[in-house]
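Comments concern the structure below.
Residue numbers (my numbering): 2 to 432.
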């Protein structure tokens with residue numbers, strides 16, 4: 002059964018839960034109401050382990066969660082469309098027996114409410130729009146609407162926040178709460194069901210994990226007797242059997258320090274921390290570095306091909322570690338670690354690929370560079386910063402970035418002063 006965490010004001014959460022009763026019985030909806038949208042951050046952090054997919058009543062809390070998780074893979078939000086706004090204007094017309102034109106509205110920064118107003122033939126000049134973002138305090142919005150009302154500039158207010166709506170009503174301002182329609186919620190529920198189905202098929206994909214103990218032949222040579230080597234192999238295999246059991250997988254020994262575990266993607270992702278711990282244990286027992294390549298695929302063959310590629314890339318990294326290649330070409334380096342990095346080695350933009358070819362830069366290297374810049378939250382960077390994370394010589398990184406600049410995929414921004422003697426570092430950004 003999939004656990005769906007529903008986040009939003011209590012009124013909205015209750016409404017969603019009522020409509021959710023008609024949903025697939027394999028979905029269990031868990032309510033997480035908040036008093037203030039900034040509580041979204043702590044709700045997601047504290048309850049993420051018990052939730053498969055998060056459903057948000059609005060886009061603002063969704064954006065906060067996306068920033069925390071650095072991905073929207075497990076996130077869905079109810080989309081406010083023009084229908085929600087039209088309903089508010091319909092209510093104002095019914096209540097005032099006329100289409101009200103002098104209105105104050107608060108709306109998310111990323112939306113384009115002007116287009117919806119034009120379709121209603123409401124003069125935008127008579128509508129006061131207040132944009133808000135993730136750092137906005139709802140009290141600011143309340144003061145904004147109240148000041149316009151007190152100055153006699155508006156006849157009604159429309160707000161996205163329940164607290165602001167209640168505050169306006171208490172102050173005697175004709176106010177309307179801009180909430181999604183039942184149809185919009187139902188449409189989101191259908192998207193949610195599709196996402197759950199996709200999760201199911203993804204969860205049951207085949208996973209092939211190849212564990213390779215570096216220089217195992219040298220370890221065998223150093224063993225003083227065959228018994229010592231057999232004892233070592235027994236201890237290594239015992240650790241791997243425990244891992245395989247946790248993954249509900251099947252362990253195979255290929256010889257010369259190489260082992261393969263067949264399992265499912267879902268089991269592998271749920272037990273990634275145990276995999277990291279087992280690899281560390283194997284390294285301690287053998288006194289050698291461990292390379293791990295994991296591949297996902299729809300078939301055993303596809304998964305194993307990806308696993309072999311991942312294994313090769315793990316060895317090329319120098320410090321080995323766990324590398325995962327997914328069925329869609331996504332690569333995860335240092336899986337399960339703090340410095341985990343995700344990027345793709347597949348690009349479909351022909352013009353972009355042509356530029357990379359002209360600059361003699363591989364898709365993989367560019368994607369990795371872009372992923373590092375994105376993970377570090379850098380608007381600009383120096384080659385020295387990037388060289389450390391790419392584990393490459395700075396000269397090679399400088400040559401690559403120069404090539405990207407020449408073909409228009411990077412831009413020189415200026416120079417950075419240095420406290421020590423020597424050339425100032427050049428600053429670049431990806432275009």
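We put the beta carbon where it would ideally sit given N, CA and C, even for glycine.
Check, Outcome
"Opposing strand residues paired with residue 427 [DSSP bridges]", "416"
"The segment 368-375 touching the segment 383-396, judged by at least three CB pairs closer than 8 angstroms", "yes"
"Terminal residues of the alpha helix (DSSP H) in which residue 52 lies", "Careful: residue 52 lies outside any alpha helix (DSSP H) and carries neither H nor E."
"As assigned by DSSP and simplified to three states, the class of residue 224", "coil"
"Three-state secondary structure (DSSP) of residue 343", "strand"
"According to DSSP, residues forming a beta bridge with residue 448", "A query on residue 448 cannot be resolved here, the shown segment of the chain reaching from 2 to 432 and no further."
"Cα-Cα separation, residue 262 to residue 221", "23 angstroms"
"Segment contact, 8 angstroms Cβ cut-off, at least three pairs: the segment 224-235 with the segment 203-214", "no"
"Reduced DSSP category for residue 356 - H, G, I as helix; E, B as strand; rest coil", "helix"
"Sequence-distant residues of its chain with Cβ nearer than 7 angstroms to residue 13 (five each side left out)", "58, 180"
"C-alpha distance - residue 251 paired with residue 331, whole-angstrom precision", "25 angstroms"
"Of the residues 274, 290, 192, 264, the one placed nearest residue 258, counting alpha carbons only", "290"
"Residue 363 vs residue 414 beta-carbon contact at 8 angstroms", "no"
"Continuous beta strand (DSSP E) stretch holding residue 4: start and end", "3-10"
"Continuous alpha helix (DSSP H) stretch holding residue 267: start and end", "266-271"
"Expected contact under 8 angstroms - CB spacing of residue 104 and residue 174 to nearest Å", "So it is not a contact: roughly 11 angstroms between Cβ atoms."
"Distance CB(residue 368)-CB(residue 404) smaller than 8 angstroms", "no"
"Exposure of residue 420, with buried meaning 16 or more beta-carbon neighbours within 10 Å", "A caution first: residue 420 carries a pLDDT of 49, below 50, which makes its placement in the model unreliable, though a value can still be read off. It is exposed - the Cβ of residue 420 has fewer than 16 other Cβ atoms within 10 Å."
"Of the residues 195, 315, 67, 401, the one placed nearest residue 341, counting alpha carbons only", "315"
"Straight-line Cα distance separating residue 274 from residue 169", "50 angstroms"
"Residue 68 to residue 47 span [Cα, whole Å]", "15 angstroms"
"Three-way DSSP call (helix, strand, coil) for residue 292 in this model", "strand"
"Residue 129 vs residue 154 beta-carbon contact at 8 angstroms", "yes"
"Identity of the residue in 21, 10, 24 nearest residue 44 by Cα", "10"
"Three-way DSSP call (helix, strand, coil) for residue 105 in this model", "strand"
"Minimum C-alpha distance to residue 277 - residue among 186, 307, 187, 335", "335"
"With 16 other Cβ atoms within 10 Å as the buried cut-off, status of residue 253", "exposed"
"7 angstroms Cβ shell around residue 18 - same chain, five flanking residues per side excluded", "7, 30, 32"
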